[in-house]
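Residues in the sequence shown are numbered consecutively from 1, following the numbering used here.
Since the structure comes first, as structure tokens, the remarks are kept for the end.
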Amino acid sequence: TWHYRVRAVDSSGKTGGFSAPASQTSNTTKRVELEDLLPADKADMDMERQSSCCGVTWSGGAQLWMKPQAEGQFAEFTVEVSRAGSYDLALRYSKAGDYGNLRVMLDGKQLGEFDGHHAEGVTTDEGSLGTVQLEAGKHTLRFESAGKHDASTGLFMGVDYLEMRLK
Numbered sequence: 001t002w003h004y005r006v007r008a009v010d011s012s013g014k015t016g017g018f019s020a021p022a023s024q025t026s027n028t029t030k031r032v033e034l035e036d037l038l039p040a041d042k043a044d045m046d047m048e049r050q051s052s053c054c055g056v057t058w059s060g061g062a063q064l065w066m067k068p069q070a071e072g073q074f075a076e077f078t079v080e081v082s083r084a085g086s087y088d089l090a091l092r093y094s095k096a097g098d099y100g101n102l103r104v105m106l107d108g109k110q111l112g113e114f115d116g117h118h119a120e121g122v123t124t125d126e127g128s129l130g131t132v133q134l135e136a137g138k139h140t141l142r143f144e145s146a147g148k149h150d151a152s153t154g155l156f157m158g159v160d161y162l163e164m165r166l167k
């Protein structure tokens with residue numbers, strides 16, 4: 001948080017009084033490149049860092065690509081928050097013909113579920129995870145296979161980044 005006061009100076013160099021103090025907080029948005037969290041703290045599926053491909057350029061040049069073979073398989077990661085507060089959370093995730101549904105949980109609470117199916121090629125989408133109150137410190141982020149769209153040929157899941165914006 002930056003604190004400042006302003007005072008005017010005219011063309012002859014004469015100065016006025018200082019303004020009332022003002023403040024502004026910077027760096028209120030944290031973007032977590034999820035592929036950078038590998039290896040997972042806990043997982044029961046294969047996963048890897050996948051470089052941009054298939055006509056998609058992911059933030060940071062890669063995504064976290066998870067390869068569940070059954071509904072309910074998961075991966076857990078630790079994310080750290082430096083300041084307590086109310087955060088708006090959003091997730092950029094991938095969609096393709098062989099992608100399933102992605103369930104997202106934080107500290108055991110479900111925040112969202114996204115359909116990862118896209119009939120033609122690979123694409124990305126961004127989904128809101130809502131607003132959560134977080135204490136400073138470590139939190140458990142969990143991605144879980146939540147089944148699939150009838151037209152999907154698989155359960156793969158891909159996530160690019162988690163955005164955490166302090167309100």
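Beta carbons: idealized from backbone N, C-alpha and C, even for Gly.
Values in this document were obtained by computation on a predicted structure and should not be read as measured data.
Between the Cα of residue i and the Cα atoms of the options, which residue gives the shortest distance?
i, options, result
"R198", "S12, G16 and S11", "No statement about residue 198 is possible, as the shown extent of the chain runs from 1 to 167 and does not include it."
"R31", "S59, E71 and T131", "S59"
"K95", "M66, L111 and A75", "M66"
"L64", "H149, F143 and A151", "F143"
"S82", "V56, A70, G137 and L141", "G137"
According to the neighbour-count rule (16 or more other Cβ atoms, all chains shown, within 10 Å of its Cβ), is residue i buried or exposed?
i, result
"D46", "exposed"
"A8", "exposed"
"P68", "buried"
"K109", "exposed"
"K42", "exposed"
"K148", "buried"
"E80", "exposed"
"G116", "buried"
Per DSSP, which one or two residues make a beta bridge with residue i?
i, result
"L102", "F114 and S145"
"A43", "A75"
"K138", "E80"
"D125", "Y93"
State the start and end residues of the unbroken beta strand (DSSP E) segment that holds residue i.
i, result
"R31", "T29 to E33"
"W65", "A62 to K67"
"G209", "Residue 209 lies beyond the stretch modelled for the chain, which goes from 1 to 167, so this question has no answer here."
"G160", "Reading off the sequence shown, one finds Asp at residue 160, where the question assumed Gly. Taken as a continuous stretch (DSSP letters only), the beta strand (DSSP E) holding D160 covers M157 to L166."
Are at least three pairs of beta-carbons, each pair with one atom in the stretch 118 to 136 and one in the stretch 80 to 99, less than 8 Å apart?
Judged by pairs of C-beta atoms under 8 Å, the stretch 118 to 136 touches the stretch 80 to 99, as three or more such pairs exist.
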